[in-house]
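There are 2 protein chains.
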Amino acid sequence: MAVNGAERLRVVLVSPRNPLNIGAAARAMSNFGFASLRLVNPYDVAFREARSAVKSRYILEHAEVYSSLAPAIADCSLVVGTTAGDKRDLHTPLQRLEAGASQIRQHLSSSGVALLFGSEKFGLSTEDMSHCHWLTRIPTRAAHGSMNLGQAVAICLYELSRSEAAVTERFEAAPPASAEENERFTSLLLELLNRSGYVHDRTSASTELKIRRLVRRLGLRAADSESWFGILRQILWRVKRAPDAILIPDDESRRQL
Amino acid sequence: MAVNGAERLRVVLVSPRNPLNIGAAARAMSNFGFASLRLVNPYDVAFREARSAVKSRYILEHAEVYSSLAPAIADCSLVVGTTAGDKRDLHTPLQRLEAGASQIRQHLSSSGVALLFGSEKFGLSTEDMSHCHWLTRIPTRAAHGSMNLGQAVAICLYELSRSEAAVTERFEAAPPASAEENERFTSLLLELLNRSGYVHDRTSASTELKIRRLVRRLGLRAADSESWFGILRQILWRVKRAPDAILIPDDESRRQL
């Protein structure tokens, strides 16, 4: 699950204002197996007391604090800034997170990467961005591009941890019932419908075909078929014990088959 | 950017406790272009006052409140629950978000999908899960699987909005400098090194080759080459004006070439 070289990623929050967001960033880091958090000029120096999940407390405790950006990224050979902007005329190359993350992952396998997040209110400054090799952008819609800081961190780390292979990894399809099981279901249901007066003698042949098709479309699963047989047998047993009554077939529902 | 059928997705928060998380969910929905939020038994009925970005306020204002799950998902033909659990013995099929999202996207193109998130503390109950066709799991690490609610919503909606095509969509590689530009850079640098006493007469031939290779490895970009020529010419101009001095070549740095 863990990203190869996860220990080489530095999550760098530049001038974060709200300790809750620092706590949220730490929690997401713990969720995805990243541990190195660096803070540049946090507004609230008491951030270590920020509410965060118990399991991510160690990340806050070991967070490193810097008074400027350069030393916070000094040991990284790739520096990537995040931005909500969609302007192509920025001085630094910009790419969507999907492409950016794949490059970061590649880089992490051998050397350090700093992933920068700006303050809640202003994002990264132009000066912060001048330290970046390139910028990346979460593909939010243009009309509301700016994300909550904790959510932005979570999405970036998720994208780094995401597995391309998993996309096509369907859960094992449950084996469908066999023709014999489907037919047994059909027979039980037909007997029940007969006993219930749903099936007329004059229409029984065509109704049988309709019921058979209806059952096949259910997509009965092999593992469930015994349960269904039990259910139908139980109802049948009850119907057989019921005193005879004048049964009024419901033509409407039969036509809809 | 918007997901095809985004208006058919219902984000359903079951028994959410913290209005801040409801606000965060709404913000992420706005970021990714989803609008239909449903709340089942929210703990705090004043959730509409929750702090959220101004741009996502309309989502909170239109959120629908239900007292039980069934009516909140009645109009959906696919119901998917989210879980932090990794247990394969659940009664409901479970798959990773990457695979799940691709199925949800497919379904959304024609019909309604409910995406369920449980309470912050307990997640979805077994009863809630019995309403689900299947469950999906964000690939967090086993040791700390449980995510913050607002972050989990953000990641799920991001995965739905994510573009497979974008993964390989590199930003247009900046055109590299031509051989002529690289050679002009080399000549200017060599002249500068000569004037600075860095190049000895007796080593100048081999040094020239080293410098040429060094420049090629820089990966000079075509768009930047004029700036570099200007920089080198300016330094050269300054060096030419400098009074002759006894220059001590730095053998160490030359050897490292």
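So the sequence lines, in the order shown, correspond to chains A and B. Taking my numbering, the leading residue of the first sequence gets 1, the next gets one more, and so forth. Taking my numbering, the leading residue of the second sequence gets 258, the next gets one more, and so forth. The C-beta atom is built at its ideal place from N, Cα and C for all residues, glycine as well.
Item: Report yes if the C-beta distance between Gly-290 of chain B and Ser-366 of chain B is below 7 Å; otherwise report no.; Value: no
Item: For His-401 of chain B, which option in A:Val-12, A:Val-11, A:Ala-35 has the closest C-alpha, if you only look at C-alpha atoms?; Value: A:Ala-35
Item: Note down, in chain order, each residue of its chain lying with its Cβ closer than 6 Å to the Cβ of Leu-115 of chain A, except the 5 sequence neighbours on either side.; Value: Val-11, Val-80
Item: Just checking my contact of Ile-330 of chain B with His-390 of chain B at CB under 8 Å: how many whole Å lie between their CB atoms?; Value: Ile-330 of chain B to His-390 of chain B, Cβ: 11 Å. No contact.
Item: Using only the alpha-carbon positions, how far apart do Gln-151 of chain A and Ile-231 of chain A sit?; Value: 48 Å
Item: Using CA coordinates, which residue listed in B:Pro-432, B:Val-410, B:Pro-396 is at the minimum distance from Ala-166 of chain A?; Value: B:Pro-396
Item: At a Cβ cut of 7 Å, what residues of the stretch 94-114 of chain A count as close to chain B, listed as they run along the chain?; Value: Leu-94, Gln-95, Arg-96, Glu-98, Ala-99, Ser-102
Item: Taking C-beta pairs closer than 8 Å, name the residues in chain B that Arg-233 of chain A reaches, listed in chain order.; Value: Neighbours of Arg-233 of chain A on chain B: none; closest Cβ ~23 Å, over 8 Å.
Item: My guess is that Ser-368 of chain B and Arg-265 of chain B are in contact by the Cβ rule of under 8 Å, so how many angstroms apart are they, rounded?; Value: 7 Å
Item: Around the C-beta of Gln-513 of chain B, are 16 or more other C-beta atoms found within 10 angstroms, so that it is buried, or is it exposed?; Value: Caution is warranted here: a pLDDT of 48 is assigned to Gln-513 of chain B, below 50, making its placement in the model unreliable, and the coordinate value is therefore given only provisionally. Looking at its Cβ environment, which holds fewer than 16 other Cβ atoms inside 10 Å, Gln-513 of chain B is exposed.
Item: Would you mind stating whether Glu-377 of chain B and Arg-274 of chain B have Cβ atoms separated by less than 7 Å?; Value: yes
Item: Taking the alpha carbon of Ala-499 of chain B as the point to measure from, which residue in B:Leu-277, B:Leu-449, B:Gln-363 has its own alpha carbon closest?; Value: B:Leu-449
Item: In chain order, what residues of the same chain lie with their CB nearer than 8 Å to the CB of Ser-227 of chain A, ignoring the 5 residues before and after it?; Value: none
Item: Would you call the CB atoms of Arg-162 of chain A and Arg-137 of chain A closer than 7 Å?; Value: no
Item: Is Ala-290 of chain A near Leu-190 of chain A, with beta carbons less than 7 Å apart?; Value: As shown, chain A starts at 1 and ends at 257. That puts residue 290 of chain A outside it, with no answer to give.
Item: Consult DSSP for Gly-357 of chain B and reduce its assignment to one of helix, strand or coil.; Value: helix
Item: Does Ser-36 of chain A come out as helix, strand or coil in the three-state DSSP assignment?; Value: strand
Item: The stretch 207-238 of chain A: which residues have C-beta closer than 8 Å to a C-beta of chain B, in chain order?; Value: none
Item: Which runs of the alpha helix (DSSP H) spanning at least 4 residues fall entirely within the stretch 134-202 of chain A, listed in chain order?; Value: 149-161, 179-195
Item: Quick one: what does DSSP say Gly-219 of chain A is sitting in, helix, strand or coil?; Value: coil
Item: Ordered along the chain, which non-local residues of its own chain (more than five positions away) have a Cβ less than 8 Å from that of Tyr-66 of chain A?; Value: Arg-38, Leu-39, Val-40, Asn-41, Ala-72
Item: So, is the C-beta of Gly-375 of chain B closer than 7 Å to a C-beta in chain A?; Value: no
Item: If I'm right that Ala-283 of chain B touches Leu-335 of chain B with Cβ under 8 Å, what's the distance once you round it to whole angstroms?; Value: Not a contact, Cβ separation roughly 22 Å.
Item: Please identify, using Cβ separations under 9 Å, the residues of the stretch 124-150 of chain A that lie next to chain B, in order along the chain.; Value: Trp-134, Ile-138, Pro-139, Thr-140, Arg-141, Ala-142, Ala-143, His-144, Gly-145, Ser-146, Met-147, Asn-148, Gly-150
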